[in-house]
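One structure below.
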Amino acid sequence: MGDPRPSGNLETPPFMSLKSARAGHGARHRRNHPLSLKRTSDRPAIGPFIAGLVALGLLGGVNRAQQPPAPTPGQTRDNAKDGQRYVWAPAGKFTMGCSPLDKYCAADESPAHPVEITRGFWIGQTPVTVAAWKRYRAETGKPPLLAADEFGRKLNEAAAENTQPVVAAAWDDARDYCSWAGLRLPTEAEWEYAARAGSTASRYGEVDDVAWYGDNSGRKPIDSAGLFREDPPKFDRRLFSNGNGPRGVTQKKPNAWGLYDILGNVWEWVADYYSPSYYGSSPPADPQGPATGTQRVLRGGAWNTLPNNIRVSYRLTNPQGDRINAFGFRCAGDLR
Ligand SMILES: [Ca+2]
Numbered sequence: 001m002g003d004p005r006p007s008g009n010l011e012t013p014p015f016m017s018l019k020s021a022r023a024g025h026g027a028r029h030r031r032n033h034p035l036s037l038k039r040t041s042d043r044p045a046i047g048p049f050i051a052g053l054v055a056l057g058l059l060g061g062v063n064r065a066q067q068p069p070a071p072t073p074g075q076t077r078d079n080a081k082d083g084q085r086y087v088w089a090p091a092g093k094f095t096m097g098c099s100p101l102d103k104y105c106a107a108d109e110s111p112a113h114p115v116e117i118t119r120g121f122w123i124g125q126t127p128v129t130v131a132a133w134k135r136y137r138a139e140t141g142k143p144p145l146l147a148a149d150e151f152g153r154k155l156n157e158a159a160a161e162n163t164q165p166v167v168a169a170a171w172d173d174a175r176d177y178c179s180w181a182g183l184r185l186p187t188e189a190e191w192e193y194a195a196r197a198g199s200t201a202s203r204y205g206e207v208d209d210v211a212w213y214g215d216n217s218g219r220k221p222i223d224s225a226g227l228f229r230e231d232p233p234k235f236d237r238r239l240f241s242n243g244n245g246p247r248g249v250t251q252k253k254p255n256a257w258g259l260y261d262i263l264g265n266v267w268e269w270v271a272d273y274y275s276p277s278y279y280g281s282s283p284p285a286d287p288q289g290p291a292t293g294t295q296r297v298l299r300g301g302a303w304n305t306l307p308n309n310i311r312v313s314y315r316l317t318n319p320q321g322d323r324i325n326a327f328g329f330r331c332a333g334d335l336r
């Protein structure tokens with residue numbers, strides 16, 4: 001697969017913002033501590049003062065003990081279920097879509113628009129690996145993913161490389177795995193928010209430092225864009241001849257929150273259906289993608305992607321049943 005642009009969301013978790021959770025605690029405290037706010041003669045300031053502290057959560061010792069502090073951005077936690085490591089992405093705001101001064105954006109990356117993620121979430125530090133998929137299969141009895149592509153390139157368990165990301169997972173395969181792991185696929189907005197990790201640039205570092213892609217994922221460095229221009233039908237075979245393919249995770253530099261291989265290595269399915277015009281009508285908080293569609297979104301670029309498409313805002317779309325040698329995923333959600 002070169003970069004043909006051959007794509008949508010079912011995830012609608014109930015949202016309760018941290019802000020409203022805190023407000024709820026304050027209200028309960030006030031009911032439990034019937035301080036008179038009317039007493040103004042002898043100790044005029046004390047009642048309102050204490051009520052204010054309670055409202056601010058400063059006297060909420062009991063509640064604080066019940067509710068551990070939120071993880072810090074980039075904090076990691078291992079998921080005992082799938083053996084994968086997850087990274088904390090805090091609630092926050094960012095600009096989604098075409099990055100400032102990025103001359104390579106396609107029409108569907110615009111308009112860039114403000115998005116708020118109202119709940120922090122855990123997201124895979126890496127794409128799901130062969131090792132994790134083996135554990136999934138051992139527990140569920142699911143069939144193995146493809147062992148080879150049409151060129152004979154060994155994939156998945158046949159690649160004998162446990163640290164490689166799985167490939168040729170269809171969208172349903174990815175959804176089912178994440179569900180088994182106690183998680184879900186990230187929304188497209190969550191994915192881009194976590195990929196940026198606070199950066200407004202089209203990449204979180206120099207492309208060769210952060211990503212496996214067409215030029216660098218084989219035995220020898222190549223000019224993948226040049227090869228593609230020269231003879232598009234031969235492109236995939238030429239990459240195969242050069243040994244290009246998925247690579248073990250965590251060898252390239254991570255982004256600011258410690259996410260590896262989010263650009264490059266494998267495309268990552270996200271929850272959303274695809275619509276080229278969605279950014280024009282996307283809601284400002286926790287967008288979930290179009291309600292219906294025929295194709296899903298993939299993000300981040302892969303080992304066979306041309307350099308100009310290795311960008312955090314780039315959107316690929318494919319039918320959700322496609323099992324392609326560069327398509328993987330990572331999970332996100334609440335991790336207990
Ligand atoms: Ca990736």
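Numbering (the numbering used here), first residue to last: 1 to 336.
Just so it is clear, CB atoms sit at the ideal spot from N, CA and C, and this is done for glycine as well.
Restricting to Cα atoms, I'd like to know which of the options is closest to residue i.
| i | options | result |
| --- | --- | --- |
| Ala70 | Phe121, Trp133, Lys93 | Phe121 |
| Ala80 | Leu227, Trp180, Ala195 | Trp180 |
| Ala106 | Arg296, Ser202, Gln295 | Ser202 |
| Pro73 | Trp257, Thr126, Leu145 | Trp257 |
| Tyr204 | Asp231, Ser277, Tyr260 | Tyr260 |
| Asp108 | Ala170, Ala291, Gly321, Ser281 | Ser281 |
| Tyr274 | Pro290, Ala131, Arg247 | Pro290 |
| Thr250 | Gly124, Val115, Ile117, Trp88 | Gly124 |
| Thr129 | Tyr104, Tyr177, Pro111, Asp149 | Tyr177 |
| Asp236 | Lys253, Thr294, Asp149 | Asp149 |
| Gln320 | Asp173, Gln288, Gly300 | Asp173 |
| Gly293 | Pro114, Arg77, Thr317, Gly245 | Thr317 |
| Ala189 | Gly83, Gln75, Gly92, Gly328 | Gly92 |
| Trp269 | Lys234, Lys103, Asp322 | Asp322 |
| Gly243 | Tyr193, Arg175, Ser277, Ala159 | Ala159 |
What residue range does the alpha helix (DSSP H) around residue i cover?
| i | result |
| --- | --- |
| Glu192 | 188-196 |
| Gly300 | Note, Gly300: premise wrong, no alpha helix (DSSP H); not H, not E. |
| Asp78 | First-last for Asp78: 76-78, but that is the beta strand (DSSP E), not the alpha helix (DSSP H). |
| Arg85 | Premise fails: Arg85 lies in the beta strand (DSSP E), 85-89, not in any alpha helix (DSSP H). |
| Thr140 | 130-140 |
| Arg323 | Element bounds for Arg323: n/a, residue is neither H nor E. |
| Cys178 | 171-180 |
| Ala225 | 224-230 |
| Val210 | 207-210 |
For a test of your reading of the model: does the CB of residue i fall under 6 Å from any non-hydrogen atom of ligand 1? Yes or no.
| i | result |
| --- | --- |
| Gly182 | no |
| Ile262 | yes |
| Ser300 | The amino acid occupying residue 300 in the given sequence is Gly; Ser does not appear at that position. True, at least one ligand heavy atom lies under 6 Å from that Cβ. |
| Val266 | yes |
Tell me where the beta strand (DSSP E) around residue i begins and ends.
| i | result |
| --- | --- |
| Phe94 | 92-96 |
| Trp122 | 121-124 |
| Val115 | 113-117 |
Are three or more beta carbon pairs between the stretch 323-332 and the stretch 184-192 nearer than 8 Å? These segments touch.
Would you call the stretch 86-100 and the stretch 304-321 touching, i.e. three or more CB-CB distances under 8 Å? The stretch 86-100 vs the stretch 304-321: in contact.
Whole runs of the alpha helix (DSSP H) within the stretch 237-278, excluding any shorter than 4 residues: For secondary structure counted as the alpha helix (DSSP H) over 4 or more consecutive residues, the stretch 237-278 holds no complete run.
Inter-stretch contact at 8 Å, needing at least 3 Cβ pairs: the stretch 138-147 / the stretch 206-225: The stretch 138-147 is not in contact with the stretch 206-225.
Say whether the stretch 212-222 touches the stretch 295-304, bearing in mind that this needs 3 or more beta-carbon pairs closer than 8 Å, one atom from each stretch. The stretch 212-222, when compared against the stretch 295-304, does touch it at the 8 Å Cβ threshold.
Whether or not the stretch 221-231 and the stretch 158-169 are in contact is what I'm after, with contact meaning three or more pairs of Cβ atoms, one per stretch, closer than 8 Å; do they touch? Taking 8 Å as the limit for Cβ pairs, the verdict is that the stretch 221-231 does not touch the stretch 158-169.
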